[in-house]
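Visitor: Reading the sequence shown from the start, the letters are residues 4 to 148 in the working numbering.
Where a beta carbon is used, it is the ideal one built from N, C-alpha and C, also for glycine.
Pasting a structure here, questions to come.
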Amino acid sequence: MDDNTLLHKIIDIIQYKNEYQIQTSGIPYQEMYVLEKIYMHSNILSKDISQKFNIPPSTLTGILDRLENKKLIQRLRTNKDRRSIELVATEYGKYAVEKHIAEDQIFASNLFGSLEPQKKEHLKALLEEMLGKIELSSLFSPKHQ
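Rendered as structure tokens:
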């Protein structure tokens with residue numbers, strides 16, 4: 004199988020995962036991505052999410068509005084700087100992320116479980132090596148080999 008075909012088969016699997024999890028959670032991919040960041044970095048500032056994860060402030064505001072309307076997060080003013088907005092996941096938001104993480108674990112287990120244990124470990128080592136060397140900004144730059 005050539006590289007491009009292999010890449011597209013992997014993309015299809017990831018897209019299936021995303022679509023499945025949108026159906027099970029009712030939370031679109033972008034919103035879940037931001038909710039996970041809030042969950043993982045409890046009491047994070049909205050400006051920090053925008054900067055750390057390269058989300059334009061206007062896009063983030065819309066996502067946060069939707070998450071707040073769904074009662075998945077709360078926006079809190081900080082005592083240090085009243086202009087800063089701290090984001091925290093509500094109990095319902097925490098439940099949604101924990102369910103999402105559990106689904107991720109099942110997905111990964113089934114995906115990698117399709118290989119013999121030795122091949123699975125070898126593949127994981129190769130993927131870790133590849134991911135450690137990738138610079139996202141260079142992925143669409145032509146390379147001379």
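In terms of DSSP beta bridges, what is E89 paired with?
Guide: In the DSSP output, where bridge partners are listed per residue, E89 has L48 and L79.
Visitor: Is the CB-CB distance between V91 and I41 below 8 Å?
Guide: In contact: V91 and I41 (Cβ atoms closer than 8 Å).
Visitor: Spatial neighbours of G116 within its chain, please: C-beta separation below 8 Å, excluding the five flanking residues on both sides.
Guide: Cβ within range, chain order: K123.
Visitor: Select from V37, H103 and Q24 the residue whose C-alpha is nearest the C-alpha of Q77.
Guide: The shortest C-alpha separation from Q77 is found at V37.
Visitor: Check whether the Cβ atoms of S49 and I25 sit closer than 8 Å, and answer yes or no.
Guide: Not in contact: S49 and I25 (Cβ atoms no closer than 8 Å).
Visitor: State yes or no: is the C-beta of L126 within less than 8 Å of the C-beta of L118?
Guide: It is a contact, given that the beta carbons lie within the stated cut-off.
Visitor: Just curious, the alpha helix (DSSP H) that N21 is in, first and last residue?
Guide: Residues D6 to S28.
Visitor: If L75 sits next to A111, beta carbons under 8 Å apart, how far is it from one beta carbon to the other, in whole angstroms?
Guide: So it is not a contact: roughly 24 Å between Cβ atoms.
Visitor: Where I14 and E106 are concerned, what is the direct C-alpha to C-alpha distance, given to the nearest angstrom?
Guide: Rounded to the nearest angstrom, the two C-alpha atoms are 18 Å apart.
Visitor: Roughly how many angstroms separate the alpha carbons of L9 and Q18, rounded to a whole number?
Guide: About 14 Å.
Visitor: Which stretch, first to last residue, makes up the alpha helix (DSSP H) that contains K102?
Guide: Taken as a continuous stretch (DSSP letters only), the alpha helix (DSSP H) holding K102 covers E94 to F115.
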